[in-house]
Structure formats: structure tokens, C-alpha cells
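Notes for the one structure printed next.
Residue numbers (my numbering): -11 to 519.
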């Protein structure tokens, strides 16, 4: 028993000597000192407890062993990772990972946030079916330039919105930013629905673009910060799933156009409904506990934790946040800090993820999909769009189930590899004469496989990975900056896209860390090891 007790204490003392500054180890030291005094000072006589007989000594050692084991269990339960994060952000944090049964729940609030993702997809897709009809009503049917303005204004405004979304989220909080964002979303939807001229339509699209740009930044940020570690990947990929649902909703909303040409106004007006629901839902949604704690709003952070994870989890999660906060005393980073030597590497990785996502050819594949399907004998544009959309949704659902089991990095590499192979198939189907009799069907197969591969990793992972890899003091702004990259003969085009996918695979393999099952601070340590 003596040997066992000394062995346990000895092992703990070795670990304590390495990390004496952590609160949990100071607590152990105090308890160890108290335990020693209890052993050595008994009823006023020094060390009399050690010579008071075998029975008494055995009882003391049993209590010593129990106390040491209790401390050991506490150290395991509240494990603290001392991380040198992003070149100097030292944070101690065990993952917020409620495994036990609790009275809290995260899912409803993730669902509310995903209304922003639905609006993102809906506004991107709604103009495709409505453009011809609104052009006739607004007198721009023969003006390709003005039609281009109607389409592109949304994208340009979205880039501005995504850039400002991070600053707003840092200043006002995540939920309040959602509520503020509902204002341009609602006004933009109303203006586009009632527009009597192209100027009003462009203003409406401009406001809607700013709105979806902001949501593109704060939806993945909010979901990442409120989600438990063990299901953060699955919940984070839901963002991409709801974007796909929004695009499909826009497609379905356009079905009555053939019977009622003025229905395009109703299509734009429908976006008001989820915008209002988003504002109302965020009124009852808890703020990010991490943001509240960083702002010094301790009581509000405790209330938010109770809502998300259950009141029984409040002490443990607050302990984790406190130990994290002890090592991070620097003020919030500014925009210039993102380009400093300290942060540039991780910020460049985030921007590169969206660069590869957009420049690997997804927009061109979707754009050409109608022509490809017509060449294969599928004349219905609706059927072609439905097939592409269904492939996207199906792949995203599969990705959600794999995100926390296979990991983000492996899905990225698999996704871009599949996209590159699909592009090669598409290119060969147009160039190899031996494949000419099968070019139509091969082109369709290549397109569907490409979209499916995209939705398995390249689509959902970047938005999920960004909030995970950035240090807390730069997280919101760095996410917003990286998202700006998101907005910006066929055979040759497909070959170029295939080369981009190959570069993406090499980049992911060498520079992207795996984040599955790891706390945000552990990820920061892996990206920025102490030198």
C-alpha cells in the first residue's frame, strides 16, 4: 500500500513540476500540503501520526491514497492544455464537450442560425429563374449590361458584407449581429419584390447582398462557438446543407413562373419570411459563451452555458473558460494584426481554402451543367438543376455523418481528388474520339460526380474549419477576411480546374491540420507550436 501510494504521488509530482503555474496544479499542491500536514501533525505532536501504530498508519495512508486519487481524477476531468496559440496567444482550455446527460440543448439554436444559411442559398439562386421575367417587366430584356448588374450587385455587396461581419460580431456579439443583419435582408427582399424600375431592383439586391455576406461570416462562427467538440463537425457542416436547401428552395419557388410570369415578385418577397424568423429566433437564442466571457460578462456567460449545455454543466464549462482566459490577456486584434508575421500563416491558410474552393471550378460546372445535360438528351433545365442540387444535398448529408469520424483534412483531400478526377473525365469526354459515342453520358456522370465530390469536403469544410483554426482574438475578423475570397473551349477550362484540384490536394496534405475531436486551443497549438 505504501509503495502504491508513493508511486501515485510520485507520478503526480513529476507532472506538477512541469506545469506548476496551472490553477488545477496549484490546487493539487495546496491539497497535497494539507494532506502532508494531516499526516505529520496529529493532536499537536510532530509526526506522531507516522508512529501511532500500524492500524492508524494504514488508515492515514488509505485516506492519503483516496485524496491523491481524487485529485488525479480531477486533473483528468479538467485537463488543461497550455497552448502557445498563434504565436503568442496562450490559452488553457479543455474542450467544451458535454458527454453526460444534460438539460440543455444546442440543436434549436443551430437551426435558428441556419436560417441565415437558407437565405444565403436562396438569394444566390432566386435570380436564375426570375431574370428573364423581371427583365421584361423592368424594361431591360435587351440590355445585357443591366441584367449583369442585377446579378453581380448581390455578389459584390456580399463581399463587403462578409468583410464587415466579423467586426460587427466582435463589437455587438453574435446574436445581436444576426438581428442587425435582418434589417438589410428584410428591406432588400421587399425592394426587389416591389421594384418598378431597375434602379430599385439593384438597390434591393445590394442590401440583400450585404445581408447574406454578413450571414456567411457569422453563421459558421456562431455554430462553431456553441457546439460541443465531439459533434462540432456535424453541426458545422449543417451550414452548407442549408445553403443547398436554400438554393433548392429558390428552384422550387420558380416553378409557377411558366403559368404566372409576374410570380417573380413573389419569389423575391418570400425571402422576407426567413429574415423575420431569424431576427425573432435570435431574440431567444443564447449568446456565444466564449464571446460573453471575453467581454467580462460572467453572469451572462453562465446563463448562456446553462441554456446550451444544462445548469449542471455551468461550473465545469466556466472553469474551462477561466483557465483559458488566464493565459490570454491581450486585447482584441485589429485588422492590421491579421497581416502580421504572427498571424499571417494561419490567415493565409484560411484564405487559400476558399481560393481553392471557388477556383476549382464549381461555378463553371454548375453553369455548364444545363448544356452538358442537353447534350446527353436531358432537355429540361429544371430536371438538370434538380439533379445537380440533389447531388449537392446528398453529398453534404454524407459529409455531415463523416465529419467527426473521418476528420476535416481527410475529407478535403478526398473531395478535391474526386473533383480533379471528375474534371479529367469531363475533359476526356469532349476530346477523345474513342469516347465520342459515350460523350453525353460521360459528361453527365462527370458533372454529377464532381458536384458530389465537392459537397463531401470542398463545400462544407472551409466554412467549418475557419473558426476552428483561428485564435480567439482574431477569429471573427479572420473568418470575415477569408470569406472575401469566396466571392470573387470547355475542355481547356476543365483541364485547368483539374490542375487546381491537384494543387489543392498537395496544399491540404502539407498545411491543413486535422481538427476532429480537438479543442480550439489544441488546434492553435498544432498550427503555432512553441519555439
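Ideal Cβ positions, reconstructed from N, Cα and C, are used throughout, including at glycine.
Presumed contact (8 Å Cβ cut-off) between residue i and residue j, rounded CB distance
i: residue 468; j: residue 154; result: 3 Å
i: residue 170; j: residue 241; result: Contact flag wrong, Cβ pair sits at about 20 Å.
i: residue 139; j: residue 337; result: Going by Cβ atoms, the distance from residue 139 to residue 337 rounds to 31 Å, so no, they are not a contact pair.
i: residue 256; j: residue 181; result: 4 Å
i: residue 198; j: residue 149; result: 4 Å
i: residue 146; j: residue 191; result: 15 Å between Cβ atoms; not a contact.
i: residue 428; j: residue 365; result: 6 Å
i: residue 128; j: residue 186; result: 5 Å
i: residue 158; j: residue 464; result: 5 Å
Pair within 7 Å by beta-carbon distance, residue i and residue j
i: residue 141; j: residue 194; result: yes
i: residue 156; j: residue 165; result: yes
i: residue 211; j: residue 302; result: no
i: residue 239; j: residue 357; result: no
i: residue 234; j: residue 106; result: yes
i: residue 213; j: residue 253; result: no
i: residue 470; j: residue 454; result: yes
i: residue 521; j: residue 251; result: An answer regarding residue 521 cannot be provided, because it is not within the stretch -11 to 519 covered by the chain.
i: residue 221; j: residue 325; result: no
i: residue 177; j: residue 259; result: yes
i: residue 459; j: residue 512; result: yes
i: residue 342; j: residue 496; result: no
i: residue 339; j: residue 461; result: no
i: residue 292; j: residue 275; result: yes
i: residue 456; j: residue 515; result: no
i: residue 130; j: residue 270; result: no
i: residue 486; j: residue 412; result: yes
i: residue 96; j: residue 451; result: no
i: residue 288; j: residue 395; result: no
i: residue 132; j: residue 344; result: no
i: residue 415; j: residue 423; result: no
i: residue 249; j: residue 121; result: yes
i: residue 296; j: residue 94; result: yes
Helix, strand or coil at residue i according to DSSP, with G and I counted as helix
i: residue 283; result: coil
i: residue 328; result: coil
i: residue 135; result: helix
i: residue 210; result: helix
i: residue 420; result: coil
i: residue 397; result: helix
i: residue 323; result: coil
i: residue 442; result: helix
i: residue 130; result: coil
i: residue 167; result: helix
i: residue 349; result: coil
i: residue 504; result: coil
i: residue 513; result: helix
i: residue 479; result: Reliability fails at residue 479, whose pLDDT of 48 lies under 50, so the model's placement of it is uncertain and no value is given.
i: residue 202; result: helix
i: residue 184; result: coil
i: residue 435; result: helix
i: residue 63; result: Bear in mind that the predicted position of residue 63 carries a pLDDT of just 37, short of 50, making it unreliable; the figure below should be weighed with that in mind. In the structure shown, residue 63 sits in a helix (DSSP, three-state: H, G or I).
i: residue 93; result: coil
i: residue 340; result: helix
i: residue 499; result: helix
i: residue 108; result: helix
i: residue 40; result: Below a pLDDT of 50, predicted positions are generally treated as unreliable, and residue 40, at 38, falls in that range; no measurement from the model is reported.
i: residue 160; result: helix
i: residue 383; result: helix
i: residue 216; result: coil
i: residue 151; result: helix
i: residue 429; result: helix
i: residue 23; result: Low confidence applies to residue 23: its pLDDT is 38, below 50, so where it sits in the model is not reliable, and the reading given next is rough at best. The answer is helix: DSSP assigns residue 23 an H, G or I state.
i: residue 101; result: helix
i: residue 363; result: helix
i: residue 406; result: helix
i: residue 462; result: coil
Heavy atom of the ligand SAM within 6 Å of residue i beta-carbon
i: residue 469; result: Questions concerning the ligand SAM fall outside what the structure shown contains, since it holds no ligand whatsoever.
Using 8 Å as the Cβ pair cut-off and three pairs as the minimum, do the segment 393 to 413 and the segment 434 to 447 touch?
-> yes
Contact the segment 447 to 458 vs the segment 379 to 394: 3+ CB pairs below 8 Å = yes
Three or more C-beta pairs closer than 8 Å, one from the segment 96 to 109 and one from the segment 223 to 231: is that the case here?
-> yes
Should the segment 112 to 124 be called in touch with the segment 419 to 434, which here means at least 3 C-beta pairs below 8 Å?
-> no
For the segment 222 to 287, which segments carrying the beta strand (DSSP E) assignment without a break, of at least 3 residues, lie completely within its bounds, in sequence order?
-> none
Decide yes or no for the touch test of the segment 195 to 207 against the segment 292 to 309: beta carbon pairs closer than 8 Å, at least 3 of them.
-> no
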